[in-house]
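Residue numbers (the working numbering), protein chains in the order written: chain A, 1 to 151; chain B, 152 to 914. Backbone N, C-alpha and C fix where the C-beta goes; we use that ideal spot for every residue, glycine too. Everything numeric in this text was worked out from a predicted model, so none of it was measured. Structure first, commentary second.
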Amino acid sequence: MRLVVNGTPREADVREHESLLTVLRERLGLPGSKNACEQGECGSCSVLVDGELVCSCLVLAAAADGRRVETVEALGSAERPHPVQRAFVEAGAVQCGFCTPGFVVAAAALLRENPEPTDAEIREALAGNICRCTGYGTILDAVRRAARITT
Amino acid sequence: MSPLRVTKSRDEFEGEIYESTVVVEGRDLAAPRDGAAGDEVGRPRPRVDGRARVTGAAVYTHDLHLAGMLHAAILRSPYARARVKRVDASKAEALPGVRGVLHRFNAPEVEFRQEKALFRDEVRFLGDEVAAVVADSEGLARYALTLIAVEYEVLPHVVDLEEAASPRAPKIDPDGNVHDAGSYTRGDTRRALREAEATIDVTYRTSTQMHNALETHGAVASWDGERLTVWESTQSVFGVRNMLKDALGLAPAQVRVLCEHMGGGFGAKLGTYKYAVIASLFSMRLGRPVRCVLTRREENLAAGNRSATLQRLRLASSGDRITAIEHETWSNSGQGRWAANPTGPTNTLYDVANVSSVAHRVTTNAGALSAFRAPGYVEGTFALESAIDELALRIGVDPLALRRRHARSRTDPRTGNRYSLKRLLDCYTIGAKEIGWSERRAGGTRGSAPHRRRGLGMASQIWGGGGGPPAYATVHFETDGTAVLRVGVQDIGTGTRTAVAQVCADEIGLRLDQVRVRLGDTEAPYGPGSGGSVTLASIGPAVRLAAHDARAKVLRAAAGILEVRAQELRLERGMVVSEGARTPLGDVMKKLDNSTLIGTGLRHPNPDGLALKTFGAHFARVEVDLRTGEIFVEKIVAVHDVGRIVNPLAAASQVQGGIVQALGFALTEERIVDRGLGRVMNANLEWYEIPTAMDVPEIVVRFVGAPDRRANNLGAKGLGEPPIIPAAAAVANAVANATGARVRHAPMTRARVLAALSMAGIA
């Protein structure tokens, strides 16, 4: 299959039953998206496909053929973090960090659509992501902080 | 330097006191005199590894991709109890890409948790290991599992706690299913109960909670012909190292365990598991790295849980004093050989003259328990603190006032030792003010609609968290003047890496970004496992000493280079400061060529005759819908007394996370096991309900914050477990205040709330 991942055209050999998440992690060397529940419940594998937020563990790799995929790795780097990434660090929204890439992608997708979300909208947008460490308070802080930075 | 000496140290770990032999060298430092913040310690600091974690650059055990790596998968018993009579793996072995199969008839003898075999002849829970396959890909390994034919002789099983404890249950252990798990007595409870003016006799239940850290358990093992390197998502690199060397018959130096980043544990990764042995055996056999990572389903069958409990409490009072507490508990340990004793809070929290407690563990055909954040204390506090409120209601006393009367003692009732510091009364005062306790009304108040009632409740927390030896740290300087701090602990997500960097930076006089922390590696001198809230209080004081030693050396070296007296120099945020001159430390170090200054530090024993405890109180405001039984937690105020707070940002986040995990325990999280099949029906994140961002109340976090100067040279105690302990009871008490109905089973699901309302004649 061919797809554009983080702005770069890529090719990968995939088996017909494989998920986009498997291809990203195991074929394309992008382990930022995590595999934590295998059934679209925890949001740790969140990526954007043609700009739309999806759980990549639920997307058949073949269905992403010819699409544009953005993962957490594309948002920013340690040297040049995305405003959402910076806000997550500054707000202390990271504990173990395993769910963090999924939250960061979901939050970035939210702010792209809705740069000034209300608290209720933030909670709603992140309701598909599970964090077992932080209790979410600092994550909500981070999204509010990122919204202030970007607007 | 004072001579080396061998001594005994008595330290608390998860409610029990352990004595160990420790070697001590040199003198300890005095704790700082007051709670004032340094340049780093006491200041809110983002994680030093935060950027690696938010960008996806941090490599977890799950993410390792080594050249030539193979994948192992485990076949698990589909029966709750059965004899494995025959295993035919020929079809799996014949599959191209399958590199090996292990099962009870071909596996080498391996000693694991006092058992002689890796694969049991009698599997004892649905999910017990039956065989393992290693193959070129994970998908192939899992497919190969389906080709293994196993002949089972199915045996009678029992999975339910109360069923297993009954005399009619099948005997799973030869000597019966109910085992003694500890008892404690002071005074004469029988007499106090006889002579009391008021008594209550109540039974509580708590369901099995599952950890569900986001990163499932897993390991990657790589054997090079002489040494085994294992990357594992663990709370104790040394625990894994010691298990593997014993299981595989290797020398300590032949096994290196690494854990740079790990995706949560909550106690389940404090123990050791067979998957690491399986990955290691395959790697040693094939000479290639082998990865074995559990699925979410396996995680929920075979990687630990918080035991379900049945608890009976009898309380007696005369006048305004509680005169006796009697507590008897039964815990579903599954196939575990220990119990997380729920009676710890009963035995230690209140100044009550007559206390008697007995704990039992009950064996069932379910996965073994493991430590789960304040094991036993969460379950026990739910029952005890509910019962205290029930007694308060019976005798017509404000429940907070009743607790205050019994929280004044300055000595630990179990040992008679004085507390190093106890500020529980301050926790009550701060919390009561913050939640508006003075507005609490007996019978609750009207909620946001006529069918909704609002109420306030609170509960207290006691826990250890004093830490202890052994723990070591070294600090050395790079040629650019930055420091490398090495510790044998791991950062399980709590922020240990950042906290020790803060301690080190302040003690030396460096900026935080001038300290690099190396951890999660058994090549360092020993560090304790991250459990029992001991990490910071164990390693922090050793870091301070190592940094102190390093600072003294660097100042002497700088004095030689700058040709001044060491006493005239000091280090401030990476600058060597003397009379009128500031020189970057890097400039000084450059002149030392490759000479290396190394500071060392160790954790000194805890003071004799003192009890090191953490305390706290949670206050809850809830609204209850009388028609649906739904509990809406509106606000939690958490106040903790855990000594000096090294990083307020991380500490507040730790408390919020603990509370939300407690709310899961209180409201929604419950393992459901089919009794007939012995099967966990919600071994996934869809039907096992963990709180989401939609469920989180307003949470106010406060710390008493006074350093515990007698505890250790940092004045800090642990904070991992305290915040999960009292929240469920605070909510239960608020629900009772709101509605007049007492829900005695956690989680307090809508069905249980409706049943309690119906019992109370309310709905």
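Members of the region 83 to 104 of chain A that neighbour chain B once the beta carbon cut-off is set at 7 Å: Gln85, Phe88, Val89, Glu90, Gly92, Val94, Gln95, Cys96, Gly97, Phe98, Cys99, Thr100, Pro101, Val104
C-alpha distance - isoleucine 299 of chain B paired with arginine 227 of chain B, whole-angstrom precision: 11 Å
Neighbouring residues, chain A, relative to tyrosine 211 of chain B (Cβ below 7 Å): Phe98
Nonlocal neighbours in the same chain, by C-beta distance under 6 Å from glutamate 348 of chain B, ignoring five residues either side: Around glutamate 348 of chain B: Ser469.
Cβ-based neighbour list, arginine 724 of chain B, same chain, cut-off 6 Å, excluding 5 preceding and 5 following: Arg662
Continuous beta strand (DSSP E) stretch holding phenylalanine 628 of chain B: start and end: For phenylalanine 628 of chain B, the uninterrupted beta strand (DSSP E) segment begins and ends at 623 to 628.
Leucine 81 of chain A at chain B interface by Cβ criterion, 7 Å: According to the sequence as given, residue 81 of chain A is proline; it is not leucine. For proline 81 of chain A, the nearest beta carbon of chain B is closer than 7 Å to its own beta carbon.
Inter-residue CB distance, glutamate 878 of chain B and leucine 818 of chain B (contact presumed, cutoff 8 Å): Residue identity check: residue 878 of chain B is alanine in the sequence provided, not glutamate. Approximately 10 Å separates the beta-carbon atoms of alanine 878 of chain B and leucine 818 of chain B; this is outside 8 Å, ruling out the contact.
Any chain A beta carbon closer than 7 Å to glutamine 653 of chain B: Not an interface residue.
Coil, strand or helix - tyrosine 361 of chain B by DSSP: The sequence shown places methionine at residue 361 of chain B, not tyrosine. Note: methionine 361 of chain B maps to coil in three-state DSSP.
Positions along the region 20 to 45 of chain A whose CB lies within less than 9 Å of some CB in chain B: Thr22, Arg25, Glu26, Gly29, Leu30, Pro31, Gly32, Ser33, Lys34, Asn35, Ala36, Cys37, Glu38, Gln39, Gly40, Glu41, Cys42, Ser44
Coarse secondary structure for isoleucine 875 of chain B, derived from DSSP in three states: helix
Identity of the residue in A:Ala107, A:Pro9, A:Glu79, A:Arg25 nearest aspartate 200 of chain B by Cα: A:Glu79
Counted within 10 angstroms of its Cβ, other Cβ atoms place isoleucine 850 of chain B as buried (16 or more) or exposed: The residue is buried, with at least 16 neighbouring Cβ atoms inside 10 Å.
Segment contact, 8 Å Cβ cut-off, at least three pairs: the region 182 to 197 of chain B with the region 9 to 24 of chain A: no
Pairwise C-alpha distance: valine 640 of chain B and glutamine 386 of chain B: 9 Å
Separation of cysteine 96 of chain A from alanine 64 of chain A, as counted between CA atoms: 30 Å
Burial state of proline 403 of chain B, where buried means 16 or more other Cβ atoms lie within 10 Å: exposed
Residue nearest to alanine 258 of chain B in terms of C-alpha spacing, selected from B:Ser508, B:Gln265, B:Ile875, B:Val238: Distance check between alanine 258 of chain B and each of B:Ser508, B:Gln265, B:Ile875, B:Val238 places B:Val238 closest, using alpha-carbon atoms only.
Minimum Cβ-Cβ distance from valine 72 of chain A to chain B less than 7 Å: yes
Whole-number beta carbon distance between alanine 867 of chain B and alanine 610 of chain B, since they are thought to touch under 8 Å: So it is not a contact: roughly 24 Å between Cβ atoms.
Min CB distance arginine 144 of chain A to chain B below 7 Å: Judged by the 7 Å Cβ criterion, arginine 144 of chain A is not in contact with chain B.
Partners in chain A for arginine 202 of chain B, counting only beta-carbon separations shorter than 8 Å: Neighbours of arginine 202 of chain B on chain A, chain order: Ala78, Pro81, Gln85, Val89.
CA-to-CA distance, leucine 748 of chain B to valine 705 of chain B, given in whole angstroms: 7 Å
First and last residue of the uninterrupted alpha helix (DSSP H) at lysine 236 of chain B: Premise fails: lysine 236 of chain B lies in the beta strand (DSSP E), 233 to 239, not in any alpha helix (DSSP H).
Rounded Cβ spacing between serine 372 of chain B and alanine 282 of chain B (contact assumed at less than 8 Å): Here residue 372 of chain B turns out to be alanine, not serine, going by the sequence shown. With 8 Å as the limit, alanine 372 of chain B and alanine 282 of chain B do not qualify as a contact, their Cβ atoms being about 18 Å apart.
Classification of arginine 178 of chain B by the beta-carbon crowding that lies within 10 angstroms, buried from 16 upward: The residue in question, arginine 178 of chain B, is exposed, as its Cβ has fewer than 16 Cβ neighbours within 10 Å.
Listed by chain order, chain B residues near alanine 109 of chain A by CB distance under 7 Å: Within 7 Å Cβ-Cβ: nothing; alanine 109 of chain A doesn't reach chain B, min ~15 Å.
Inter-residue CB distance, serine 508 of chain B and serine 334 of chain B (contact presumed, cutoff 8 Å): 6 Å
Start and end residues, beta strand (DSSP E) containing cysteine 578 of chain B: It is not in any beta strand (DSSP E) - cysteine 578 of chain B instead sits in the alpha helix (DSSP H) that spans 575 to 586.
Start-end ranges of the alpha helix (DSSP H) lying completely within the region 388 to 444 of chain B, minimum 4 residues: 388 to 399, 425 to 437
When B:Ala490, B:Val788, B:Arg772, B:Thr843 are compared against glycine 598 of chain B, the one with the closest alpha-carbon: B:Arg772
Per-residue DSSP class, three states only, for glycine 891 of chain B: In the structure shown, glycine 891 of chain B sits in coil (DSSP, three-state: anything other than H, G, I, E or B).
Opposing strand residues paired with glutamine 612 of chain B [DSSP bridges]: B:Gly767
Per DSSP, the bridge partner or partners of threonine 562 of chain B: B:Arg569
Identified DSSP bridge partners for tryptophan 481 of chain B: B:Leu461, B:His511
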